[in-house]
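First up is the structure itself, then whatever we jot down about it.
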Amino acid sequence: MPGSERVREKEVKRQKIMQAAIKVFSRKGYSPAALDEVAKGAGIAKGTLYLYFQDKEDLFYSTIMHVIDNLSLLLQEKLDEKNSPIKILEDLAFYQLQYFSQNRDFFGIFQTVLNDNLLINHKKLFNMLLKKKNDLVDYESKIVERGKTEGLIRKDIETLDIVNSFDGMVETTIKQVGNIEKTNKEFDVNSRIKSIMKIFLEGVSG
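Per this note's numbering, the sequence shown starts with residue 21, numbered consecutively.
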């Protein structure tokens, strides 16, 4: 029992460090971010941080994985394969937007990746993000193919083109979450989803 309690406490502290890191990386970017500030935000000594992460790069990679894995778990929990392909795509867009609108620091993490050109020099991070993206595209492609079979989605448009168009609209709307955060305005997920699906379906409905 004492051993399991120590493991639990260690994981709680690790999560606390990552939450502090997300805020720092989101606000300052990768290069200017200091581990001292992360440690302060987590309420620990800087030396303690190295018991959980090798260096800043390891911590940043872990925070990215944390954000993506949590989103993946959410989608696995919420998406119902019994629904129609159109409903699944709508839910896929909805829960992604809801996730980032409720956790806006998470969006800042991805902006940091793009703005700091981290993918150029961090092959491990690049490969991980590429795999996650490919997994999502594969899943969406299967949903679109099912939609074509059921006569809900046009067959004369390439599946990958449909998926890329759908992802493009979702990603653009997610970026708006970050911009709205800067102006302290509310983000209405439901109205944005209706707009996305209206535009999408007008182009691809069978």
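Cβ coordinates follow ideal geometry from the N, Cα and C atoms, glycine included. Small disclaimer: the values here were computed from a predicted structure and weren't measured.
Determine, using beta carbons only, whether residue i and residue j come nearer to each other than 7 Å.
i    : j    : result
T83  : A40  : no
L71  : A59  : no
E160 : V183 : yes
Give the range of the alpha helix (DSSP H) segment to which residue i is assigned.
i    : result
K214 : V209 to V224
G67  : K66 to L69
Using the rule of at least 16 other Cβ atoms within 10 Å of the residue's Cβ for burial, across every protein chain shown, is residue i buried or exposed?
i    : result
S51  : exposed
Q116 : buried
S24  : exposed
A65  : exposed
M21  : Here the model assigns M21 a pLDDT of 47, short of 50, so the residue's position is not dependable, and the following value carries that caveat. Looking at its Cβ environment, which holds fewer than 16 other Cβ atoms inside 10 Å, M21 is exposed.
L150 : exposed
K153 : exposed
I13  : Any answer about residue 13 is impossible in this case: the structure gives the chain only from 21 up to 226.
K43  : buried
S46  : buried
G167 : buried
Secondary structure at residue i, three-state DSSP: helix, strand or coil?
i    : result
I173 : strand
L138 : helix
K102 : coil
V27  : helix
S92  : helix
A59  : helix
S82  : helix
G49  : coil
D181 : helix
Q74  : coil
Could you check how far apart the C-beta atoms of residue i and residue j are, in whole angstroms? I think they sit under 8 Å.
i    : j    : result
K76  : L55  : 6 Å
I37  : A53  : Between A53 and I37 the Cβ distance is about 13 Å, and since that is not below 8 Å, they are no contact.
A113 : I219 : That pair is no contact at about 11 Å.
S121 : V197 : 5 Å
Could you confirm whether any beta carbon from chain D is found closer than 7 Å to the beta carbon of residue i?
i   : result
K48 : In summary, chain D is missing from the structure at hand, where a single protein chain is found.
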